[in-house]
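Student:
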Amino acid sequence: MNGTWVPRLVQVRTQILKENDRVARALRARFAQAGVTVVSLVSSPGAGKTTLLARTLAALQPQGRVAALVGDLATDYDAQRLAATGAAVRQITTGTLCHLEATMVASALEGWDLSQLDWLMLENVGNLVCPATFDLGETLRVVLLSVTEGEDKPRKYPPIFHTADAVLVTKIDLAEVVGFDRALFRQHLEAVRPQMPVLELSARTGQGLDQWLAWLGSLRGWPRPAAAQCLSQTPLDAE
Amino acid sequence: MHELSIALRLVELAAGAAQAQGTGRVLAVHVKVGAWSGVVPDALRSAFEVARVGSPLAEARLEIEHVPLELCCPDCGRRRQVEDLTGLPCPDCGQARCEVVGGRELELTALELVP
Chain A
1 MNGTWVPRLV QVRTQILKEN DRVARALRAR FAQAGVTVVS LVSSPGAGKT
51 TLLARTLAAL QPQGRVAALV GDLATDYDAQ RLAATGAAVR QITTGTLCHL
101 EATMVASALE GWDLSQLDWL MLENVGNLVC PATFDLGETL RVVLLSVTEG
151 EDKPRKYPPI FHTADAVLVT KIDLAEVVGF DRALFRQHLE AVRPQMPVLE
201 LSARTGQGLD QWLAWLGSLR GWPRPAAAQC LSQTPLDAE
Chain B
1 MHELSIALRL VELAAGAAQA QGTGRVLAVH VKVGAWSGVV PDALRSAFEV
51 ARVGSPLAEA RLEIEHVPLE LCCPDCGRRR QVEDLTGLPC PDCGQARCEV
101 VGGRELELTA LELVP
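Those sequence lines, one after another, are chains A and B. Residue 20 in my numbering sits at position 20 of the first sequence; the count goes up by one each step and never skips. Residue 108 in my numbering sits at position 108 of the second sequence; the count goes up by one each step and never skips.
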């Protein structure tokens, strides 16, 4: 190399996950056009997503048409378990990936006529970290917290609680046994997401299930408009 | 855990952008990583070491700019930056819930190329 030279600096400004965001936006538009309410469930592994989904699919079917996509690293155990409810269910196996991505949702939907659905439930991989980063195009994101996990989860995993639209406190039938402190939980949640709707339920005993179903029923066309002056100033591509 | 897939996308995007600039060799990649991006800078650095092998970024440095959380009050419009989220109420007007408007960045911002 001759003499001295300085590197050429080229401004790029591209979202690293722009492809995911682009697919998610397209999905959201498709869902809205088809009139299907899409609810995603996220939680730690074992918080009770699949058990709740089994009860939910069974209960919603008399009221409307419902389908589900369920994500796991391996096996189709969840899809098999949920297929027993009679709802249309597809498994997404992510291999080693710790979360669902929008393209996986888009591929899993192939061949389904969305206009024939009222609700589509998405069960993410059990994980409170990575799913917060990936938009799936869902109408609403619901985070589950089982009473055995501790009241301080919202403070430990703020992005997922902040970006969710509601919290379901699950396994509420065990609350007394494990000494779950409701007031303390509310305090932790309030710090990261004030006025977040909270429902308590037990998919095993059925306690609180009616309120959950009523809430799902009230969701049709539920948008969440951001305040105009706080709209994101980061477009997918700045160039 | 998902930093490797993010590093692979970064390498792909950066290699494409370098090619568009007519060069096959990248000296450095600049990225912005928000406090709430879900990406841990150290994990991204390790993943980048693996992801860049055999690519035009094989010898490239990874420059990470940390972006703190930024909150915006929907009522009075005040914006403020915080390192940790201790609460969402607006310190100026008392509005209960400020919006998170910054800190989710996961962005390729610039490339340093051979001139």
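We put the CB at the ideal spot given by N, CA and C, even for glycine. Every value quoted in this text rests on a predicted model; they were computed, and no experiment measured them.
Quick one: grab the DSSP three-state call for R55(A).
Tutor: helix
Student: For chain B, find out if any of its Cβ atoms is closer than 9 Å to the Cβ of V10(A); answer yes or no.
Tutor: Look at V10(A): its C-beta is under 9 Å from a C-beta on chain B.
Student: So the candidates are K49(A), R81(A), Q61(A) and G179(A); which of them puts its Cα closest to the Cα of G217(A)?
Tutor: It is Q61(A).
Student: Residues of chain A with CB under 7 Å from A96(B), in chain order?
Tutor: P194 and Q195
Student: Tell me whether R25(B) is buried or exposed, calling it buried when 16 or more other Cβ atoms sit within 10 Å of its Cβ.
Tutor: exposed
Student: If you draw a straight line from the alpha carbon of A32(A) to that of D118(A), how long is it in whole angstroms?
Tutor: 11 Å
Student: So V70(A) and A79(A) are in contact, right, with Cβ under 8 Å, and what is the actual spacing, rounded?
Tutor: 6 Å
Student: Please state whether DSSP places D152(A) in a helix, a strand or coil.
Tutor: coil
Student: What three-state label does DSSP hand T163(A) in the structure shown?
Tutor: It is helical.
Student: State the DSSP-derived secondary structure class of E110(A), mapped to helix, strand or coil.
Tutor: coil
Student: Classify V167(A): buried if its beta carbon has 16 or more other beta carbons within 10 angstroms, exposed otherwise.
Tutor: buried
Student: Quick one: residues in its chain with C-beta nearer than 6 Å to the C-beta of C130(A), no 5 flanking neighbours on either side, listed in chain order?
Tutor: C98 and H99
Student: Looking only at its own chain, which residues have a Cβ that is under 7 Å from the Cβ of P68(B), when we skip the five neighbours before and after it?
Tutor: Correct list, in chain order: A35, Q81, V82, E83 and G103.
Student: Can you have a look at W212(A) and say buried or exposed, based on whether 16 or more other CB atoms are within 10 angstroms of its CB?
Tutor: Taking all protein chains in view, the Cβ of W212(A) is crowded by 16 or more other Cβ atoms within 10 Å, so the residue is classified as buried.
Student: Could you work out which residue in R45(B), G22(B) and L71(B) is closest to E63(B) when comparing CA atoms only?
Tutor: R45(B)
Student: Can you name the residues of chain C whose CB is closer than 7 Å to the CB of R13(A)?
Tutor: Structure shown: chain C not included; protein chains present are A and B.
Student: For H99(A), decide whether its Cβ has a neighbour in chain B, counting only Cβ atoms nearer than 9 Å.
Tutor: yes
Student: With a cut-off of 9 Å, does the C-beta of V6(A) fall near any C-beta of chain B?
Tutor: yes
Student: For the candidate residues A106(A), T56(A) and G64(A), whose alpha-carbon lies nearest to that of A83(A)?
Tutor: T56(A)
Student: Does P235(A) pass the burial test, meaning 16 or more other C-beta atoms within 10 Å, or should it be called exposed?
Tutor: Confidence at P235(A) is low in this model, with a pLDDT of 48, below 50, so its placement is unreliable and no value can be given for it.
Student: Going by the DSSP bridge assignment, what does H30(B) pair with across the sheet?
Tutor: E63(B) and A110(B)
Student: Since L144(A) and G208(A) should fall inside the 8 Å C-beta cutoff, what is the C-beta to C-beta distance between them, to a whole number of angstroms?
Tutor: With 8 Å as the limit, L144(A) and G208(A) do not qualify as a contact, their Cβ atoms being about 12 Å apart.
Student: Which chain A residues sit within Cβ distance under 9 Å of I64(B)?
Tutor: Residues of chain A with a Cβ closer than 9 Å to the Cβ of I64(B) do not exist; the shortest Cβ-Cβ separation is about 12 Å.
Student: Which chain B residues are close to L17(A), counting only those with a beta carbon under 8 Å from its beta carbon?
Tutor: I6, R9 and L106
Student: Taking the CB atoms as reference points, tell me whether T96(A) and T75(A) lie closer together than 9 Å.
Tutor: no
Student: Using a Cβ-Cβ cut-off of 6 Å (strictly less than) and excluding sequence neighbours within five positions of E200(A), which residues of its own chain qualify?
Tutor: V169, I172 and G208
Student: Does the beta carbon of H162(A) sit closer than 9 Å to a beta carbon anywhere in chain B?
Tutor: yes
Student: Starting from the Cα of L122(A), find the closest Cα among D210(A), A54(A) and P194(A) and give me that residue.
Tutor: A54(A)
Student: What are the start and end residues of the alpha helix (DSSP H) that includes E3(B)?
Tutor: E3 to A20
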